[in-house]
Structures are given as C-alpha cells and as structure tokens.
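Okay, so here's the structure we're looking at.
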Amino acid sequence: MPTNTSESCKQVGGICGHAGLKPATDWRDRFSTEAASRGDAVMQRMHAILAQPGNEGVCSLGPGAPSADFFPFFAAEYTVPSAGFPDDAPARCTTQLHIGMKDVSEGVSNYDLSSALQYGVGTGSKQLLGFVKEHVKIFHNPPYLDWDCILTTGNTSAMDTVMRIFGQKGVTMVIENHTYPTCFETGLPLGYSFFPAKMDNEGLLPDELDRDLSSWDEEARGMKRPTMLYTIPTGQNPSGATPSADRRRQVYAVAQKHDLYILEDDPYYVFQFEQEAGPPGAAPPTTQQYARSLIPSYLSMDTDGRVFRMDSFAKTISPGARVGWVTAARQVVERVMRVHEVSTQHPSGISQIALYRLLHDEWGHDGWTRWMLHICEGYKKRRDVMVGACEASLPRDVVSWNAPAAGFFMWLTIDWHKHPQAGTMSTHEIEQVIYDAAIRHQVLVVPGSWFLVDQGKSGMDTVFFRMTFAAPATNAIPNAVKALGDAIREVFKMG
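343 is the number that the UniProt record's numbering gives to position 343 of the sequence shown; each next residue is one higher, with no gaps.
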C-alpha cells in the first residue's frame, strides 16, 4: 500500500494550517420547507448502531438486508496503472486490483465486496469518504471550523439536492450569463428565478455584480433579491473562462456583502493548463506542490461556510462511475444526507470500492496526483491542437476565440453583423443557419443560445458556439475544425 501524503492531516473533520477559526454561518433559516421538515430515516438508525465501534460482534436481526452468502459476485478484478506508472504511457505499467468477498476478515483491505454490495448509509462508504476528506484538506483546507463532506452520485444529483434544500418558490439565483443548462433546467421547475450576471474573458465581473445587487429593485426586475450564486469557476462551461485568485476574492467579497450562498460547481479544477513546468527531467510535483500551484477555489477562501462545493470523479476517473462529493457546512451536509436516505441512498457500492481500492490501496494521494497531471497534460495537448486548427481553418474576420486556461471547452464568437442578411435575420436565426450548416459538413458544435436561461428567445446580442477538445481523438480535431470553417464560409458566402 502506498504512503499517503496526508499523514499530517489524520483527524478527519479537523483543520490543517489555520488558527482562530470560527464556525459557519447558520443557514437553516434559508432551508426550504421540504428540507427543514425532513427527519432521519428510521431504518437508517440500525445502520448507525451497527457502525459504532465495539458493535462488530452484534448479531443483527433487524435490517431486511440480503445475505452476502447469496451475492453472485465472488470477486472483481481490474487492470489499472500501477502506482509508479510512467508519465508518458501508463498502460505500459499496470497492476491487477483483486477485490474479494472477505478481504477485511483476511486482512487484505479494510473494504471488501461483502460490504460494498450491501446496503449502505447516506454519507457513502466511510472508507472512500475518509479519502475524499483528506483530499479536500490538501487541496482546499476550508478556513472555518465545521465543514464536512458527503459522497454523491455526481454533480448533477448534487445540484438537484442543494436546489431542493434552499428552493423556496421565488428564490432568485445569480448565474453566469451563459452557463451549464442543467442549472436552470433543474431550478425552473422548482420555482427558481435566474439572474444572468455579466462576464468577461476571466469570468464574472464583481463590480458589475455589486452594482446590480446594490441597486436591485424587485418590482422593476420582476424577481426577488438574489440569495444564491451558481458558478463554474475553472474552465467555465461553456465559455472556458477561469478567474484569477484576485478575481475570485473580489467575487467572494461581493457574495459576503450581499449575503449570497455560493454553489461552486468545479469538475475541471485540476485541469489548469498554465502551471509552471519544472526543468527537463525534474521529478513530478508532490501532491502538496500541485495543490499549491492551482488557483485557489472559493472553498479555500470561505471563512463563512457559504460555499457548497461540488466535486466529481467524472472527469478525473470516469463519468460512468457516478460518484462525486460535496463539501459544505456540516448543517448543510446533514440535510443532504437526509435527502439521500430517502432517494439515491448512496453511490453504487461497486463504484465506491473500485475507486477506493485504486485511490487508497494502490495509488495513494501522490499516485492520484500523478494521474491528474498526466491527463491534464493530455488535455492541454488537445487544446493546443484545437487552437492551432482554429488559427489555420477559421475565418478570422468572422470568428474570434481565446485559448482557454483550463477545462474542456473553446468558446467561439461569431461576428453576425457580417452575415449577408444581418439586416433581415435575427441573431437566433443566423445561429441556427450556422449550426445546420456545420452538421451538413459532418461536425457538431453547441449553439450559445443553449446556455441561456430563455434559450435566446428574448433575443441575443452575440452569436457564440462551444467546441470541446476533450472528447475527440487528437488527430480528428483539425479536420473537424476545418469542416466548421467551411460551414461558416458557406453561410457567410465567403467563397
């Protein structure tokens, strides 16, 4: 088993490197009627009793759980990169993860199939949750006393849960002008209103947001004063914007001034491309060095417990695993657990044990860091290929872009004024014509209107398209971008 780099942070729930901390702000007066009325699930009480130290020998006649004797999976085996995999080709150095039914009793590991395949608790498995808490301490170290984590089935589920917890009808949430549609697709049926805030190439504009909130007129706006802020701060989806540390501090200060509760949705956090490279042949950075090289998260500057941070294994390991985690004030995490107890219950046990045995038993934190650095470098190379393809194939007098500093996406701005029928066609119509032409040329891009709350029905000042460099094979990117360039030239009748 590898040595974990978090040995100095063994007390889960404790804090490293901070002094004079205060507890989180009390958010319970903002809980929805649904969230506030939830009690503990009575059947979960038995799991809590059985989990208490000293109760290992209790003969349980209580829970209606099936016997592990009748699970048809006797063992699982995965071929994975070994802890010392070469950075350029991890598939050349692999190991077998063998997960057995009785690994705990046989002293192989502290987590085995007999428990992973069984009913669990709303927090997720204590083993994987403990590893995640160590990761949060290393990378974010929230500067208040009573933070906690809980496992989720991914950020989409976490979004639904937190919106239900804070979702009284009429709540207004600030969002980035263009944002991930699942946010408003989740919130609108729950009665949320959304205020799209102005952005530049670095993300949210704190001064503009402050002015909007300071002069807020509910009657003129047609919505209540905002109490929440949803942001994707690293490699923003769809724009690719990544605010600097100073910009994030300014946005956090605005949230404090106007008492906004922040939903930090940050699945691309570790894919920051502009870190300083070491000299040729230098050893890869340690986990702590890597963590310090990243732009600080909102969670890492959250002295109030006003950040609900959503993380996921979707981008660093696999989206099909359907496992993520939330970090927030303990009072909020407790409400998330109550929702889990009567809904998803917990992530798949098979996914949890596979992740734990890979991350804890095989890699440790340093091994996972090496893996994240490896895939970050891979995505950076794909980004560079796409940037080069844009420079070679897109008509610059019509299309502009910026190379993203993080994430998965490039954001194209189309100068629709140069369309031959700009005087008679709406921006929405021009966007649709480009989209249709791209498909005819065998390339799929995402229209910017899809990232607007009203899908652009009230009109758009600008035409955008989102492209991803993450999914396609590297050698497919140039031809795809060329096809898009051909489609744009066709639509703009550029010959």
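Glycine included, every Cβ here is placed at the ideal spot set by N, Cα and C. Keep in mind the model is a prediction, meaning the values are calculated, not measured.
Beta-bridge pairing of residue i - partner residues as DSSP gives them
| i | result |
| --- | --- |
| Asp103 | Paired residues: none, contrary to the question. |
| Gln96 | Thr79 |
| Ala24 | Per DSSP, none; premise fails for Ala24. |
| Pro447 | Phe465 |
| residue 518 | This structure cannot settle anything about residue 518, because the visible part of the chain is limited to 1 through 495. |
| Val307 | Ile262 |
| Ser312 | Gly324 |
| Gln289 | Partner(s): none; Gln289 has no beta bridge. |
| Gln272 | Ala406 |
| Thr152 | Gly324 |
Boundaries of the alpha helix (DSSP H) in which residue i is found, first to last residue
| i | result |
| --- | --- |
| Cys59 | Counting along the chain, Cys59 falls outside any alpha helix (DSSP H), and DSSP gives it neither H nor E. |
| Tyr435 | Thr427 to Arg440 |
| Met386 | Gly364 to Ser393 |
| Ser157 | Asn155 to Phe166 |
| Met46 | Gln44 to Ala51 |
| Glu185 | Pro181 to Gly187 |
| Tyr252 | Ala245 to Lys257 |
| Arg221 | Glu218 to Arg221 |
| Ser114 | Leu113 to Ala116 |
Under the three-state DSSP convention, the category residue i falls into
| i | result |
| --- | --- |
| Trp147 | strand |
| Arg338 | helix |
| Pro196 | strand |
| Ser6 | In this prediction, Ser6 has a pLDDT of 37, which is less than 50 and means its spatial position is unreliable; what the coordinates show is noted afterwards. Correct three-state label for Ser6: coil. |
| Ser37 | coil |
| Met410 | strand |
| Ser400 | strand |
| Leu204 | strand |
| Thr123 | coil |
| residue 499 | The structure shown does not extend to residue 499, since the chain is modelled only from 1 to 495, so the question has no answer here. |
| Thr474 | helix |
| Gln455 | coil |
| Ile317 | coil |
| Val481 | helix |
| His346 | coil |
| Asp29 | helix |
| Ser239 | coil |
| Phe492 | coil |
| Ala422 | coil |
Residue span of the beta strand (DSSP E) that contains residue i, given as start and end
| i | result |
| --- | --- |
| residue 497 | Residue 497 falls outside the range modelled here, since the chain spans only 1 to 495, and no answer is possible. |
| Glu264 | Tyr261 to Asp265 |
C-beta atoms of residue i and residue j nearer than 8 angstroms
| i | j | result |
| --- | --- | --- |
| Val481 | Trp416 | no |
| Tyr379 | Phe313 | no |
| Thr369 | Thr287 | yes |
| Tyr298 | Glu274 | no |
| Phe31 | Phe166 | yes |
| Ile353 | Ile99 | yes |
| Thr186 | Met223 | no |
| Thr234 | Gly456 | no |
| Pro143 | Asp259 | no |
| Pro181 | Trp450 | yes |
| Val445 | Phe465 | yes |
| Pro404 | Arg382 | no |
| Val307 | Ile262 | yes |
| Pro478 | Val387 | no |
| Ala24 | Gln256 | no |
| Glu334 | Gln236 | no |
| Met494 | Gly240 | no |
Own chain partners of residue i with C-beta closer than 7 angstroms, once the 5 adjacent residues on each side are dropped
| i | result |
| --- | --- |
| His346 | Gly120, Val121, Gly122, Gly124, Leu151 and His340 |
| Ser6 | Model confidence at Ser6 stands at a pLDDT of 37, short of 50, so the residue's coordinates are unreliable; what they give is reported in the following sentence. Here the set comprises Glu134, Lys137, Ile138 and His365. |
| Leu359 | Phe131 and Trp368 |
| Ala158 | Thr152, Met310, Gly324 and Val326 |
| Val398 | Ile414, Asp415, Lys418, Ile488 and Phe492 |
| Arg249 | Met301 |
| Leu128 | Leu151, Gln352, Leu355 and Tyr356 |
| Asp486 | His441 |
| Pro447 | Glu431, Tyr435 and Phe465 |
| Val58 | Leu50 |
| Ser393 | Val481, Lys482 and Gly485 |
Nonlocal neighbours in the same chain, by C-beta distance under 8 angstroms from residue i, ignoring five residues either side
| i | result |
| --- | --- |
| Trp216 | Arg225 and Pro226 |
| Glu218 | Lys224 and Arg225 |
Close Cβ partners of residue i (< 6 angstroms) along its chain, the five nearest in sequence each way excluded
| i | result |
| --- | --- |
| Leu209 | Ala197 and Val254 |
| Val251 | Leu204 and Pro206 |
| Val174 | Phe195, Ala197, Pro226 and Leu229 |
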